[in-house]
Amino acid sequence: MVIKENLLYAMGASTYMYSAGETIFSEGAWPAFYYQIIKGEAKLNNYNEEGKETIQIIIEDGQSIGESLLFMEKPYPMNAVAITECEIVKLPRKAFVNLLREDAEISYEMNKCLSQRLYFKLIMTQNLSSQSPMLKTYGTYGLSEKLCNRSETIFL
């Protein structure tokens with residue numbers, strides 16, 4: 001979801017630059033900001049007990065990072081790391097929550113965006129848990145194609 005930058009700045013946001021490989025937030029940290037990438041790419045990842053990395057998703061220009069966790073009193077279950085140099089707008093959690101309370105359209109679009117992501121994860125889990133290699137491949141590929149061929153980004 002994309003929230004207009006001028007609105008984020010009006011609510012108290014600041015711009016930060018992250019170098020490639022720099023951590024934006026770490027697993028176990030408490031969510032304190034809404035992050036929106038202005039330019040660059042970042043990944044959400046985890047490491048297992050053997051140190052093997054699992055990339056959850058790659059996020060790019062105009063997308064937000066980890067906003068669903070701003071609604072819970074839980075630490076991040078993943079890391080966010082810049083893949084390329086990133087310019088990111090950070091809005092404090094309290095200001096983000098106030099923005100959603102004050103603007104019904106932005107709140108609705110945020111719920112819609114989070115619902116789409118949850119739907120995608122549920123379908124992916126179903127496809128990946130199938131015993132059929134063909135269904136795993138086709139289901140995952142088919143869903144990815146649908147999402148890649150249609151813009152899910154909301155410009156407010």
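In this text, residue positions in the sequence shown follow the working numbering: the first is 1, and each later residue adds one.
We put the beta carbon where it would ideally sit given N, CA and C, even for glycine.
I think residue i touches residue j, with their Cβ atoms under 8 Å apart; what is that distance to the nearest whole Å?
i             : j             : result
proline 31    : glycine 66    : 6 Å
cysteine 86   : glycine 40    : 3 Å
isoleucine 55 : asparagine 48 : Contact flag wrong, Cβ pair sits at about 12 Å.
Going by DSSP, name the residue or residues bridged to residue i.
i              : result
methionine 17  : Glu87
serine 64      : Gln36
glutamate 5    : Bridge partners of glutamate 5: none, in fact.
glutamate 53   : Tyr47
isoleucine 159 : Because the chain in this structure spans residues 1 to 156, residue 159 falls outside the shown range and cannot be described.
asparagine 111 : Looking at the DSSP assignment, asparagine 111 forms no beta bridge with any residue, so it has no partner.
Of the choices the options, whose alpha-carbon is the least far from that of residue i?
i             : options                         : result
valine 89     : Phe71, Thr15, Ala10 and Glu73   : Thr15
proline 75    : Glu49, Tyr119, Ile123 and Gly28 : Gly28
threonine 23  : Gln131, Tyr35 and Ile3          : Tyr35
isoleucine 37 : Glu50, Ala82 and Leu128         : Ala82
leucine 8     : Ile57, Asn98 and Gln126         : Asn98
methionine 72 : Glu109, Gln116 and Phe33        : Phe33
glutamine 63  : Ala42, Met78 and Glu50          : Ala42
Considering just the uninterrupted stretch of the beta strand (DSSP E) at residue i, what are its terminal residues?
i                : result
lysine 43        : 42-47
phenylalanine 25 : 23-25
alanine 95       : Counting along the chain, alanine 95 falls outside any beta strand (DSSP E), though it belongs to the alpha helix (DSSP H) covering 93-102.
alanine 29       : Counting along the chain, alanine 29 falls outside any beta strand (DSSP E), and DSSP gives it neither H nor E.
With a Cβ-Cβ cutoff of 7 Å, do residue i and residue j count as a contact?
i             : j             : result
methionine 11 : alanine 104   : no
serine 68     : leucine 122   : no
serine 129    : asparagine 79 : no
leucine 118   : serine 107    : no
The ligand SAM and residue i: does the residue's C-beta get closer than 6 Å to at least one heavy atom of that ligand?
i          : result
alanine 13 : For the structure depicted, the ligand SAM is absent and the ligand set is empty, with no information on it obtainable.
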